[in-house]
Amino acid sequence: MPTLSCDPAYLQLLDTNQELHNELQDEISINKTHKKEIEKLKSEISDLRKQLRVLQQDKKFKDEVGSIQDGRIIEFENKVGNLKARIQILIDKKISINALVMATTNLIANINRGLN
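Be aware that the sequence shown starts at 108, since it is given in the numbering used here, and climbs by one per residue.
Okay, here's the thing in structure tokens:
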């Protein structure tokens with residue numbers, strides 16, 4: 108009976124087993140590296156999600172403030188329009204008063220001329 112240590116089929120089996128073992132170790136090492144990369148990427152995703160939430164809250168706040176500011180601008184524009192209208196009314200009244208004063212002055216002057 109031949110010894111197993113010298114049998115070429117057995118030696119081939121040992122070589123194949125060693126190759127498979129080495130390949131398995133390489134795969135295990137690659138998997139560990141990939142797991143570390145995956146964990147790092149998951150952490151980055153988590154950080155980015157937090158930043159996104161903060162940015163969304165900032166945008167919502169800015170939109171609300173912008174809306175309030177737009178309302179205030181419209182309110183001020185309306186007030187300016189009302190003030191302009193009131194100024195025009197006062198100017199018109201002043202012109203009317205000035206015209207009345209002028210007419211009265213002319214009337215008095217005519218009466219004075221007529222009396223002289």
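Glycine included, C-beta positions come from ideal geometry on N, C-alpha and C.
Does DSSP put Asp122 in a helix, a strand or coil? The residue given as residue 122 occupies position 15 in the sequence shown. DSSP places Asp122 within a helical segment (H, G or I) once states are collapsed to three.
Compute the Euclidean distance between the alpha carbons of Met108 and Leu131, then round it to the nearest angstrom. Residue mapping note: residue 108 aligns to position 1 of the sequence shown, counting from 1. Residue mapping note: residue 131 aligns to position 24 of the sequence shown, counting from 1. Low confidence applies here, because Met108 scores a pLDDT of 43, under 50, leaving its location unreliable and the question unanswered by this model.
Where Asp114 sits in the DSSP three-state scheme: Locating residue 114 in the sequence shown gives position 7, counting from the first residue. Asp114: coil per DSSP, three-state reduction.
If we cut at 8 angstroms on Cβ distances, does Gly221 have a partner in chain B? Going by chain labels, chain B is absent from the structure shown, which holds only one protein chain.
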